[in-house]
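Colleague:
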Ligand code: CTP
Ligand code: ZN
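Residue numbers (the working numbering): 1 to 155.
(1) On the DSSP bridge list, what partners appear for residue 99?
(2) Three or more C-beta pairs closer than 8 angstroms, one from the stretch 50–68 and one from the stretch 18–25: is that the case here?
(3) Between the stretch 37–54 and the stretch 108–126, do at least 3 Cβ pairs fall closer than 8 angstroms?
(4) For the alpha helix (DSSP H) containing residue 41, list its first residue and its last residue.
(5) Tell me whether residue 153 sits in a helix, a strand or coil according to DSSP, three-state version.
(6) Taking the straight line between their C-alpha atoms, what separation do you get for residue 138 and residue 108?
(7) May I ask which residues mark the beginning and end of the alpha helix (DSSP H) holding residue 85?
(8) State the beta-bridge partners of residue 93 as determined by DSSP.
(9) Which of helix, strand or coil does DSSP assign to residue 127?
(10) Do residue 19 and the ligand CTP come close, with the Cβ less than 7 angstroms from some heavy atom?
(11) Check the C-beta distance from residue 127 over to residue 100 and give it rounded, since I have them as a contact under 8 angstroms.
(12) Mapping the DSSP letters down to three states, classify residue 30 as helix, strand or coil.
(13) Any beta-carbon of chain D closer than 8 angstroms to the one on residue 17?
(14) Just to confirm, is the Cβ distance from residue 85 to residue 77 under 8 angstroms?
(15) Helix, strand or coil, according to DSSP, for residue 142 in the structure here?
(16) For residue 11, which option in 39, 35, 106 and 146 has the closest C-alpha, if you only look at C-alpha atoms?
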């Protein structure tokens with residue numbers, strides 16, 4: 001980082017780096033972090049990045065991410081890197097992979113869609129474009145744009 005460390009290194013936990021600028025709050029939302037959990041969380045927004053112009057960073061102490069959380073982050077921040085920190089060292093660095101299908105997380109915008117009317121049905125979207133993100137409901141073919149995905153995640 002050109003201007004040195006903005007927040008200190010963490011001892012154990014997760015650092016989500018290279019988040020597109022402005023999306024750190026959406027990442028916190030995905031992780032369900034409200035700020036009253038007691039563990040330390042650092043949020044860095046709109047800092048210079050040699051790779052991407054500007055970026056956000058989220059550091060969470062004493063927390064690792066589950067598969068569902070990683071998939072959701074891949075949706076809205078595909079450029080992000082997940083660093084698992086153990087005893088101050090980067091123990092693991094995971095790149096994100098956007099899955100081909102997103103199941104049971106997002107809501108189809110079509111009120112008549114079976115997934116909005118049958119309590120047994122789980123939503124399922126197929127990724128038809130990664131950049132910009134476009135998803136298509138596997139049941140009614142309604143498309144979901146990146147803006148709509150972000151809106152749903154920020155709710
Ligand atoms: N980090 C941290 N606490 C640690 C170790 C690392 O907060 N104990 C943070 C770093 O500040 C950085 C991220 O974790 O934001 C990844 O660390 P590192 O791999 O050392 O940095 P880079 O080489 O710059 O990562 P990349 O190659 O992903 O750009
Ligand atoms: Zn649908």
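Glycine residues also receive a C-beta, built at the ideal position from the N, C-alpha and C atoms.
Modeller: So, from the data block:
(1) In the chain shown, residue 99 corresponds to position 99, counting from 1. Answer by DSSP bridge pairing: none, since residue 99 is not bridged.
(2) yes
(3) The stretch 37–54, when compared against the stretch 108–126, does not touch it at the 8 angstroms Cβ threshold.
(4) Reading the chain shown from its first residue, position 41 is the one you call residue 41. Where residue 41 is concerned, there is no enclosing alpha helix (DSSP H), although the beta strand (DSSP E) it sits in stretches over 41–49.
(5) On the chain shown, residue 153 is found 153 positions in, with the first residue counted as 1. For residue 153, the secondary structure class from DSSP, reduced to helix, strand or coil, is helix.
(6) The count along the chain shown starts at 1 and reaches residue 138 at position 138. The count along the chain shown starts at 1 and reaches residue 108 at position 108. Roughly 10 angstroms between the two C-alpha positions.
(7) Position 85 of the chain shown, counting from 1, holds the residue named residue 85. No alpha helix (DSSP H) contains residue 85, which is instead part of the beta strand (DSSP E) from 81–86.
(8) Taking the first residue of the chain shown as 1, we reach residue 93 at position 93. Residue 93 is bridged to 83.
(9) For this step, residue 127 is matched to residue 127 along the chain shown. Reduced to three states, the DSSP call for residue 127 is strand.
(10) Residue 19 sits at position 19 when you count from the first residue of the chain shown. Incorrect: residue 19 has no Cβ contact closer than 7 angstroms to the ligand CTP.
(11) Here residue 127 is taken as the residue at index 127 of the chain shown, counted from 1. Here residue 100 is taken as the residue at index 100 of the chain shown, counted from 1. Indeed, because the Cβ distance is near 6 angstroms, the residues count as touching under 8 angstroms.
(12) By 1-based counting over the chain shown, the position of residue 30 is 30. Helix.
(13) Absent from the structure is chain D; it holds one protein chain and no more.
(14) On the chain shown, position 85 is the one that residue 85 refers to. On the chain shown, position 77 is the one that residue 77 refers to. Result no, Cβ atoms of residue 85 and residue 77 do not sit closer than 8 angstroms.
(15) Position 142 of the chain shown, counted from the start, is the residue given in the question as residue 142. Note: residue 142 maps to coil in three-state DSSP.
(16) Locating residue 11 in the chain shown gives position 11, where the first residue counts as 1. Ranking the options by Cα distance to residue 11, first place goes to 39.
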